[in-house]
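Undergrad: Here it is, the structure, as structure tokens.
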Amino acid sequence: MKIVLIQVLLIAVVVAVAARLFRSRGARSQALRRLGLLLLAGFAVVSILFPDLWNRIARLAGVGRGTDMVLYALVVAFLSYTVTSYLRFREIETRYTRLARRLALDEAERDFPPAAGSSSAGGDSPTAPDGPRPG
Amino acid sequence: MKNQDVWLVVPLFNEATVIGEVIRSARETFPNIVCVDDGSSDNSAEEAARAGAVVVRHPVNLGQGAALQTGFEYALAVPDMRWVATFDADGQHQTSDVLAMLDLARADGLDVVFGSRFLDDRTKPSALKKLVLRMAVGYTNLTTKTRLTDAHNGLRLLSRDVVGRIQITQNRMAHASELVAQIGAMDVRYGESPVHILYTDYSKAKGQSLWNAVNILAELIFR
Numbered sequence: 002m003k004i005v006l007i008q009v010l011l012i013a014v015v016v017a018v019a020a021r022l023f024r025s026r027g028a029r030s031q032a033l034r035r036l037g038l039l040l041l042a043g044f045a046v047v048s049i050l051f052p053d054l055w056n057r058i059a060r061l062a063g064v065g066r067g068t069d070m071v072l073y074a075l076v077v078a079f080l081s082y083t084v085t086s087y088l089r090f091r092e093i094e095t096r097y098t099r100l101a102r103r104l105a106l107d108e109a110e111r112d113f114p115p116a117a118g119s120s121s122a123g124g125d126s127p128t129a130p131d132g133p134r135p136g
Numbered sequence: 115m116k117n118q119d120v121w122l123v124v125p126l127f128n129e130a131t132v133i134g135e136v137i138r139s140a141r142e143t144f145p146n147i148v149c150v151d152d153g154s155s156d157n158s159a160e161e162a163a164r165a166g167a168v169v170v171r172h173p174v175n176l177g178q179g180a181a182l183q184t185g186f187e188y189a190l191a192v193p194d195m196r197w198v199a200t201f202d203a204d205g206q207h208q209t210s211d212v213l214a215m216l217d218l219a220r221a222d223g224l225d226v227v228f229g230s231r232f233l234d235d236r237t238k239p240s241a242l243k244k245l246v247l248r249m250a251v252g253y254t255n256l257t258t259k260t261r262l263t264d265a266h267n268g269l270r271l272l273s274r275d276v277v278g279r280i281q282i283t284q285n286r287m288a289h290a291s292e293l294v295a296q297i298g299a300m301d302v303r304y305g306e307s308p309v310h311i312l313y314t315d316y317s318k319a320k321g322q323s324l325w326n327a328v329n330i331l332a333e334l335i336f337r
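As given, the protein sequences belong to chains A and B, one line each in that order.
Sequential numbering from 2 applies to the first sequence in the numbering used here.
Sequential numbering from 115 applies to the second sequence in the numbering used here.
Here it is in structure tokens:
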């Protein structure tokens with residue numbers, strides 16, 4: 002089997018990416034994801050070493066060339082990754098908003114004690130250290 | 115003083131030059147104002163506090179929607195609060211309009227009053243802005259259970275019950291349509307009241323322009 006440079010480079014990249022992802026910790030679903038990734042990395046290595054494999058898959062799927070097949074698979078994978086990323090981002094945004102809000106409200110309770118704050122006349126300073134502590 | 119049970123919620127971002135005056139004049143009618151400083155880089159917060167508002171400061175900039183939700187949560191912690199009015203920090207809104215909304219709410223037993231620029235002729239938006247706003251209205255009326263004439267108005271009156279049930283999750287500009295959608299889903303009595311938005315040189319210079327209107331429309335659709 003003749004090995005060309007592109008195969009070496011691709012294998013190196015796939016192995017490096019898989020190794021990096023493997024290093025982070027987590028729960029069972031994460032483990033499953035990592036196993037899936039390992040399988041994917043393995044399949045990637047195999048298909049780099051045996052490019053005709055994709056041609057076989059393509060013919061099975063009714064697609065013209067192996068590379069077209071890879072492209073279609075990539076488009077689907079990319080779209081699903083985009084959606085997953087967006088959802089994950091929204092989740093993080095919600096959590097950090099709640100955190101920031103909690104902080105803001107706690108500080109406001111400290112700086113504008115409710116008993117003195119709600120009908121304050123104009124000219125109060127933002128911090129009222131002599132005001133009553135909120136209960 | 116009158117209107118003790120009304121709290122103005124004012125999202126605030128870098129309006130140090132005008133916020134003091136806005137708060138001072140608003141407090142002549144409404145003594146209870148909570149300003150949510152959304153991570154301003156100028157001294158908006160100090161100006162607002164000096165003018166007599168309660169100031170809640172976001173540690174980072176989150177967006178107008180997030181600021182409103184924070185303001186709502188602050189107001190809900192005040193036992194005497196009966197009404198919340200969302201009010202802009204840049205001087206575009208008038209307390210006389212809020213008073214009219216309160217009168218309407220009390221007279222007709224409403225839980226929510228939406229301000230509308232299009233119920234009378236006082237407000238004069240540019241033709242293009244008007245077109246984009248009309249499109250926003252059409253889309254909102256189609257996708258929510260409400261029928262409004264102005265879907266993106268910052269002046270609203272909400273009863274305590276409604277404020278307690280609202281949960282704004284859209285931090286940025288899409289919060290307006292999220293609010294409308296949530297209120298529509300609550301099946302509470304709502305109405306509209308004509309308001310006069312003052313497009314001052316200041317607010318126009320800020321770039322409250324067509325680009326913003328396009329962004330609003332985009333965020334509405336890609337919520």
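All residues carry an ideal CB built from backbone N, CA and C; glycine is no exception.
1. If we define contact as Cβ-Cβ less than 7 Å, is L176 (chain B) a contact residue for chain A?
2. Quick one: Cα of R196 (chain B) to Cα of V132 (chain B), how far?
3. In or out: Q284 (chain B) buried (at least 16 other Cβ within 10 Å) or exposed?
4. Do the segment 269-280 of chain B and the segment 233-242 of chain B touch if we need at least three Cβ pairs shorter than 8 Å?
5. Could you give the residue range of the beta strand (DSSP E) that holds R171 (chain B)?
6. Going along the chain, which residues of its own chain have a beta-carbon closer than 7 Å to the beta-carbon of V302 (chain B), five neighbours each way excluded?
7. State yes or no: is the beta carbon of R248 (chain B) nearer than 7 Å to at least one beta carbon in chain A?
8. Starting from the C-beta of L54 (chain A), find all residues in its chain whose C-beta is less than 6 Å away, skip the five residues before and the five after it, and write them out in chain order.
9. Tell me whether P239 (chain B) sits in a helix, a strand or coil according to DSSP, three-state version.
10. Measure the Cβ-Cβ separation of R270 (chain B) and F228 (chain B) and say whether it is below 7 Å.
11. Where P308 (chain B) and D69 (chain A) are concerned, what is the direct C-alpha to C-alpha distance, given to the nearest angstrom?
12. CB-CB under 6 Å to G177 (chain B), same chain, minus the five flanking residues each way: which ones, in chain order?
13. Are the CB atoms of L105 (chain A) and R171 (chain B) nearer to each other than 7 Å?
14. Taking F228 (chain B) as part of the beta strand (DSSP E), name the residues at either end of that continuous run.
15. Can you give me the C-alpha to C-alpha distance between V15 (chain A) and V46 (chain A), rounded to a whole angstrom?
16. Distance cutoff 7 Å, beta carbons only. Does T131 (chain B) sit that close to anything in chain A?
17. What residues from the segment 171-204 of chain B come within 8 Å of chain A, judged by C-beta to C-beta, listed N to C?
18. When DSSP labels each residue in this structure, what does D275 (chain B) get in the three-state scheme?
19. Which residue marks the beginning of the beta strand (DSSP E) containing A199 (chain B), and which one marks its end?
20. If you follow the alpha helix (DSSP H) that G67 (chain A) is in, where does it begin and where does it stop?
21. So with Cβ pairs under 7 Å, would you call V168 (chain B) a contact of chain A?
22. Label T254 (chain B) either buried or exposed according to how many other C-beta atoms from any shown protein chain fall within 10 Å of its C-beta, with 16 as the threshold for buried.
23. What number of angstroms, rounded off, separates the C-alpha of L247 (chain B) from the C-alpha of Q118 (chain B)?
24. Which residues in the same chain as S119 (chain A) place their Cβ atom closer than 7 Å to its Cβ, once the five residues preceding and following it in sequence are excluded?
25. I need the DSSP call for E161 (chain B), collapsed to helix, strand or coil.
26. Quick check on G185 (chain B): buried or exposed, where buried means 16 or more other Cβ atoms within 10 Å of its Cβ?
27. Which residues of the segment 258-286 of chain B have a Cβ closer than 9 Å to any Cβ of chain A? Give them in chain order.
28. Helix, strand or coil for S154 (chain B) per DSSP?
TA: Taking the structure as given:
1. yes
2. 28 Å
3. buried
4. no
5. First-last of the beta strand (DSSP E) with R171 (chain B): V168 to R171.
6. D225, V226 and V276
7. No, R248 (chain B) lies away from the interface with chain A (no Cβ there is under 7 Å from its Cβ).
8. S48
9. coil
10. R270 (chain B) places its beta carbon less than 7 Å from that of F228 (chain B).
11. 59 Å
12. N285 and R286
13. The residue asked about is misnamed: residue 105 (chain A) is Ala in this sequence, not Leu. A contact, by the Cβ cut-off of 7 Å.
14. V226 to S230
15. 7 Å
16. no
17. R171, H172, P173, V174, L176, A180, Q183, T184, E187, Y188, A191, V192 and D194
18. helix
19. From DSSP, the beta strand (DSSP E) with A199 (chain B) extends over W197 to T200.
20. G67 to D112
21. yes
22. buried
23. 34 Å
24. Note that S119 (chain A) scores a pLDDT of 46, beneath 50, so its modelled location is shaky; the value from the coordinates is reported in the next line. Excluding positions up to five away in sequence, the list is empty.
25. helix
26. buried
27. T283 and N285
28. coil
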